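Enquirer:
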Amino acid sequence: MPVSLVIEQALNGLQFGVMIFLMAAGLTLIFGVMGLINLAHGSFFMTGAFACAATAAATGSFLLGLAASLAAAAAAGALVEVAVIRRLYARDHLDQVLATFALILIFSEGTRWLFGSFPLYLDVPQALARGVMLPGGIQYPLYRLVVIVVGLCVASGLWLLIHRTRLGMRIRAGESDREMIAALGVNIAGLYTAVFAIGAALAGLAGALVGALQSVQVGMGEPVLILAFVVIVIGGIGSIRGALIGSILVGLTDTLGRFLLPSAFGLFLDPSAATAFGSALASMLIYILMAVVLIFRPNGLFGVA
Amino acid sequence: MPTTKTLLAALLSCTLAVPALAGPLKVGMITTLSGGGAGLGTDVRDGFLLALKQAPDIDIEVVIEDDQQKPDIAVQLADKMIQSDKVDVLTGIIWSNLAMAVIPAATAQGKFYLSPNAGPSALAGKGCHPLYFNVAWQNDNLHEAAGAYANDAGYTNSFLLAPNYPAGQDALTGYKRMYQGDIAEEVFTQLGQTDYAAEIAQIRASGADSVYFFLPGGMGISFLKQYAGSGVDIPVIGPAFSFDQGILQAVGEAALGVKNTSQWSKDLDNPANQAFVESFQAEYGRLPSLYASQGFDTANLLISAAKTADVTDPDAFQAALEAADFDSVRGNFRFASNHHPIQDIYVREVIREGDIYTNRIVATALTDHSDAYVAECEM
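As you go down the protein sequences, you meet chains A and B in turn.
The first sequence maps to residues 82 to 386 in my numbering.
The second sequence maps to residues 79 to 457 in my numbering.
The following block contains the structure:
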């Protein structure tokens, strides 16, 4: 098996991981700061993709589409927080799960009502729609490289926001003691809305970036949401650093597992059995990873008890 | 009064039941009208209703319900339609797993079932039933046609890709049944997977001369866009499901020139088809898809049987259905002894007409093709 193929697959895994990170970051932030389980996070992913596709179709500019995806997802997030989520903070997780599950259905059918049942068209911008030669003779799509870079930039931006700004200081304070920060005169309701909108905007950005590679359709957010939950459990709930490491771990495990396992089983099984067994095991691999992490670190890699 | 109109429209779309003339023949349609697969069910429904509208003198009442692509809901709906709506004929199901959950029970209760889409092998062979008719195809058919086309095109080393679930495995079996060349590699992906970078890298490294893939719906859109962006230029073949009119616009340029196999195409040259394409466009303002044509044919088969026989006499009605005395939009159409179609399957190419991506027929892959299970059916 050529080394270049393995490196290419590792890049694919990295790109996949970075995408999940954009989802997981918002999810873990919301859970960490507000203690809220938000199943509707995948709907913001979908909102971003649809906003980007609609804007790109109307204006012909992918960049404007990206801006629209951020704006639309942040607006949807803020609206949902003020209208629904705010009433859920004091209630138990089951109520939160029920209410946010209802939001998924409302978002999905609302999107269908607006855009119809058929998938929307959104393509990679012309300037990025080509392959580039990397050192070592690896041909790799430029767009995916850009996605990796954008994702890593967002990750460092988020780190700066949380550790170097006043808003970030309040978010961290809210995470450790929400009564105390309210008593100190911080507008806790405004802070929560802001955090929720930031989380939603990140999901929307992920949706727009991925939408150009995949199909923009109703229900596209839920498979990614499941991965994002796996990631925050692995990384430790509430930890941004954990979300980043967890995402990249999940991305690499999934991609390399899908690619290596069938050939690994091929060494001692006949080809069709190896393919069937390898693909079956590959689809379980990230959950096995999660279970192993939880055995050794019950609070996740960077979680605090 | 615009508000009244909106309200009426909202009410209509909520109830989903189409009030038609109260007639002797009652049809229950269970199909997918919400969720990711809603485009398929919508097309089947619209094609079906269009045919009924064009035959106003036949009394057929339709009850339409959404199965949400969930087998348990489909079973509940079927029970409700049989027991409380008292339908005579069931139809509409898109997915094979839902079909397997509903059809054997419905036919066992003496109801006719006309399938406008799903054609699982289990119902074509040993599990065939006198009251079950498939108006679309047996699941393997389009894949077999693709295998036959690969031989004609001179491909000798195919890379095969399908999701890891029963219809995916059947698809590759169907392809291999006709294809005579070598297999470069056979890869099963997760159902619902959206990122194919890993598989595309394997295709690039495999040295294959052709790629056959079965990835219905959104999976196919993702794969084609990523494949076009990867710079790999090995020719791709697929069944019509990934090149259907509903999703081609979402794939865009990435699909141009790809060959796909189908029993129907909008440019099929027969009067029934020309009239169908024209009236569908006039009625709904969009081009019909493969699924719409199947819904249309299903309704016309039903109408043809209702003209000559009464459903209260099941033997006569079954014989009338078997005769398939209607003008199919596919041209030649008749039933094999297992009540599955004998028909021609074509190779289409994706082209652009103005701003619209669509298909045109470039060859015939199989003529008068039945299915591999017909001999196992005893009825």
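Note that CB positions come from ideal geometry on N, CA and C, so glycine has one too.
Computed from a predicted structure; not experimentally measured.
Look at the alpha carbon of Met100/A and the alpha carbon of Ile279/A, and state the distance between them as a whole number of angstroms.
Expert: Your numbering for residue 100/A matches position 19 in the first sequence. Your numbering for residue 279/A matches position 198 in the first sequence. For Met100/A and Ile279/A, the distance between alpha carbons rounds to 16 Å.
Enquirer: If the cut is a Cβ gap below 7 Å, which residues of chain B does Gly327/A touch?
Expert: Counted from its first residue, the first sequence places residue 327/A at position 246. Simply none; closest approach about 18 Å.
Enquirer: If the cut-off is 8 Å on Cβ atoms, which residues from the segment 147 to 164 of chain B count as contacting chain A, listed in chain order?
Expert: Flagged: no residues at all.
Enquirer: If you draw a straight line from the C-alpha of Ala183/B to the C-alpha of Met159/B, how long is it?
Expert: As a working mapping, residue 183/B is identified with position 105 in the second sequence. As a working mapping, residue 159/B is identified with position 81 in the second sequence. Going by the C-alpha atoms only, they are around 13 Å apart.
Enquirer: Quick check: is the beta carbon of Gln359/B nearer than 9 Å to any beta carbon in chain A?
Expert: Along the second sequence, one-based indexing puts residue 359/B at 281. No, because no Cβ of chain A sits closer than 9 Å to the Cβ of Gln359/B.
Enquirer: Using the C-alpha atoms, what's the distance from Pro102/B back to Ala394/B?
Expert: Your numbering for residue 394/B matches position 316 in the second sequence. Your numbering for residue 102/B matches position 24 in the second sequence. Those two C-alpha atoms are separated by around 15 Å.
Enquirer: Looking at the structure shown, is Thr169/B part of a helix, part of a strand, or coil, going by DSSP?
Expert: Working through the second sequence from its first residue, we reach residue 169/B at position 91. Thr169/B falls in the strand class under three-state DSSP.
Enquirer: Pick helix, strand or coil for Thr53/B, following the three-state DSSP scheme.
Expert: The displayed coordinates of chain B run from 79 to 457. Any statement about residue 53/B would go beyond what the structure contains.
Enquirer: Measuring only between beta-carbons, confirm whether Ser189/A sits less than 9 Å from chain B.
Expert: Here the question's residue 189/A lines up with position 108 in the first sequence. Taking Cβ atoms only, chain B reaches closer than 9 Å to Ser189/A, which makes this a yes.
Enquirer: Taking Cβ-Cβ distances below 7 Å as the criterion, which residues of the segment 110 to 141 of chain B are in contact with chain A?
Expert: For the segment 110 to 141 of chain B, which is checked against every Cβ of chain A, the residues closer than 7 Å are Ser112, Gly113, Gly114, Ala116, Gly117 and Thr120.
Enquirer: How many angstroms separate the CA atom of Leu168/B from the CA atom of Ala398/B?
Expert: To locate residue 168/B, count along the second sequence from 1; it is residue 90. To locate residue 398/B, count along the second sequence from 1; it is residue 320. Each residue's alpha carbon lies about 17 Å from the other.
Enquirer: Helix, strand or coil for Gln372/B, going by three-state DSSP, please let me know.
Expert: On the second sequence, residue 372/B is found 294 positions in, with the first residue counted as 1. Note: Gln372/B maps to helix in three-state DSSP.
Enquirer: So, are the CB atoms of Gln341/B and Gln280/B less than 9 Å apart?
Expert: Looking up residue 341/B in the second sequence gives position 263. Looking up residue 280/B in the second sequence gives position 202. No, the pair does not count as a contact, with Cβ atoms beyond the cut-off.
Enquirer: Who are the near neighbours of Phe346/A in its chain, counting only those whose CB is closer than 6 Å to its CB and skipping five residues on each side?
Expert: Position 265 of the first sequence, counted from the first residue, corresponds to residue 346/A. Result list for Phe346/A: Ala355, Phe358 and Gly359, in chain order.
Enquirer: Are the beta-carbon atoms belonging to Gln147/B and Gly113/B less than 9 Å from one another?
Expert: Start at 1 with the first residue of the second sequence, and residue 147/B comes out as number 69. Start at 1 with the first residue of the second sequence, and residue 113/B comes out as number 35. Yes, Cβ-Cβ distance for Gln147/B and Gly113/B is below 9 Å.
Enquirer: Anything in the segment 245 to 273 of chain B with a Cβ closer than 8 Å to a Cβ of chain A? List those residues in chain order, please.
Expert: Going along the segment 245 to 273 of chain B in chain order, one finds Glu264, Val265, Phe266, Thr267, Gln268, Gly270, Thr272 and Asp273 with a Cβ nearer than 8 Å to chain A.
Enquirer: With a threshold of 9 Å between beta-carbons, can Ser300/B be considered close to chain A, or not?
Expert: On the second sequence, position 222 is the one that residue 300/B refers to. Taking Cβ atoms only, chain A reaches closer than 9 Å to Ser300/B, which makes this a yes.
Enquirer: In the DSSP assignment, what residue or residues form a beta bridge with Val441/B?
Expert: The count along the second sequence starts at 1 and reaches residue 441/B at position 363. The question names Val, but residue 441/B in the sequence shown is Ala. Paired residues: Val425/B.
Enquirer: With C-beta atoms as the reference, is Leu269/B less than 9 Å away from Gly246/B?
Expert: Reading the second sequence from its first residue, position 191 is the one you call residue 269/B. Reading the second sequence from its first residue, position 168 is the one you call residue 246/B. It is a contact, given that the beta carbons lie within the stated cut-off.
Enquirer: Following the continuous alpha helix (DSSP H) through Ser360/A, name the residue where it begins and the one where it ends.
Expert: Sequence index remark: in the first sequence, residue 360/A carries index 279 (1-based). Taken as a continuous stretch (DSSP letters only), the alpha helix (DSSP H) holding Ser360/A covers Pro352 to Phe377.
Enquirer: Compare the Cα-Cα distances from Arg412/B to each of Phe211/B, Phe301/B, Asp150/B and Thr386/B and report the closest residue.
Expert: Working through the second sequence from its first residue, we reach residue 412/B at position 334. Residue Phe211/B is the option with its Cα nearest to Arg412/B.
Enquirer: Does the beta-carbon distance from Ser459/B to Val452/B come in below 9 Å?
Expert: The requested residue 459/B does not occur in the structure, where chain B is confined to residues 79 to 457.
Enquirer: Looking at the structure shown, is Tyr305/B part of a helix, part of a strand, or coil, going by DSSP?
Expert: Mapped onto the second sequence, residue 305/B falls at position 227. Looking at Tyr305/B - three-state DSSP - the assignment turns out to be helix.
Enquirer: Look at Met107/B and Glu143/B and say whether their C-beta atoms are less than 9 Å apart.
Expert: Indexing the second sequence from 1 puts residue 107/B at position 29. Indexing the second sequence from 1 puts residue 143/B at position 65. A contact, by the Cβ cut-off of 9 Å.
Enquirer: Under three-state DSSP, which class holds Gln220/A?
Expert: Looking up residue 220/A in the first sequence gives position 139. Strand.
Enquirer: Please report whether the beta-carbon of Ser142/A lies at a distance below 9 Å from any beta-carbon of chain B.
Expert: Against the first sequence, residue 142/A aligns to sequence position 61. Chain B, which has no Cβ nearer than 9 Å to the Cβ of Ser142/A, makes this no.
Enquirer: Output needed in chain order: residues of the segment 237 to 266 of chain A with a Cβ under 8 Å from some Cβ in chain B.
Expert: Going along the segment 237 to 266 of chain A in chain order, one finds no residue with a Cβ nearer than 8 Å to chain B.
Enquirer: Would you please verify whether the beta carbon of Thr128/A is less than 9 Å from any beta carbon of chain B?
Expert: Looking up residue 128/A in the first sequence gives position 47. No, no contact with chain B.
Enquirer: Hey, Tyr435/B and Val314/B: beta-carbon distance below 9 Å or not?
Expert: Here residue 435/B refers to the residue found at position 357 of the second sequence. Here residue 314/B refers to the residue found at position 236 of the second sequence. No, Cβ-Cβ distance for Tyr435/B and Val314/B is not below 9 Å.
Enquirer: Can you grab the Cα-Cα spacing for the pair Phe277/A / Arg123/B, in whole Å?
Expert: One-based indexing of the first sequence puts residue 277/A at position 196. One-based indexing of the second sequence puts residue 123/B at position 45. Spanning the two alpha carbons is a distance of roughly 40 Å.
Enquirer: Assign Val440/B to one of two classes, buried (16 or more other C-beta atoms within 10 Å of its C-beta) or exposed (fewer than that).
Expert: Working through the second sequence from its first residue, we reach residue 440/B at position 362. Classification for Val440/B: exposed.
Enquirer: Quick one: using the 10 Å Cβ neighbour count with 16 as the cut-off for buried, is Ser150/A buried or exposed?
Expert: Walking along the first sequence from the start, residue 150/A turns up at place 69. Counting Cβ neighbours within 10 Å, Ser150/A comes out buried, since at least 16 surround it.
Enquirer: Within a Cβ cutoff of 7 Å, which residues of the same chain sit near Pro97/B, ignoring the five residues on either side of it in sequence?
Expert: Here residue 97/B is taken as the residue at index 19 of the second sequence, counted from 1. Its pLDDT being 39, under 50, Pro97/B is placed unreliably by the model, and nothing is read from it.
Enquirer: Under 9 Å, Cβ to Cβ, is there at least one residue of chain B near Gly94/A?
Expert: Start at 1 with the first residue of the first sequence, and residue 94/A comes out as number 13. Closer than 9 Å: yes.
Enquirer: Beta-carbon of Phe340/A versus every beta-carbon of chain B: anything under 9 Å?
Expert: Reading the first sequence from its first residue, position 259 is the one you call residue 340/A. Closer than 9 Å to some Cβ of chain B, the Cβ of Phe340/A qualifies, so yes.
Enquirer: Out of Ala360/B, Glu331/B, Val355/B and Gly296/B, which has the shortest C-alpha to C-alpha gap to Phe199/A?
Expert: Start at 1 with the first residue of the first sequence, and residue 199/A comes out as number 118. With distances taken between Cα atoms, Phe199/A lies closest to Gly296/B.
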